[in-house]
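Counting with this note's numbering, you get residues 68 to 145 for the letters of the sequence shown.
Ideal Cβ placement from N, Cα and C applies to all residues, glycine included.
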Amino acid sequence: MTMQFSARDGHAPSHHAKSLASDRRMCRRLVIATLPVFIVATAARRLLRSKPAAGRRLSIYAEARASAYATIPFMFMG
68 MTMQFSARDG
78 HAPSHHAKSL
88 ASDRRMCRRL
98 VIATLPVFIV
108 ATAARRLLRS
118 KPAAGRRLSI
128 YAEARASAYA
138 TIPFMFMG
């Protein structure tokens, strides 16, 4: 299979790059929209835990944000 190139190649973003940027924006919007849920879940998890976690502890916001960024991208797999 050969690829065809034109004079515009390299100047305009490809369809794949536009799609990737669109997915990133959608992921960020979903994280922002669901962050309150993750904050409540993180706070509840900390309250129900019998022993505090060993080592350096993140803030509730940072831990909730990390959980959201670890969970939300799975929506885009498929």
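Item: Residue burial classification, alanine 133 (beta-carbon count within 10 angstroms, cutoff 16); Value: exposed
Item: Whether isoleucine 127 touches alanine 110 by CB criterion (8 Å); Value: yes
Item: Exposed unless 16 or more other CB atoms sit within 10 angstroms - verdict on alanine 100; Value: exposed
Item: Cβ-based neighbour list, isoleucine 106, same chain, cut-off 7 Å, excluding 5 preceding and 5 following; Value: Ile127, Tyr128, Ala131
Item: Spatial distance of histidine 82 from cysteine 94 (CA atoms); Value: 18 Å
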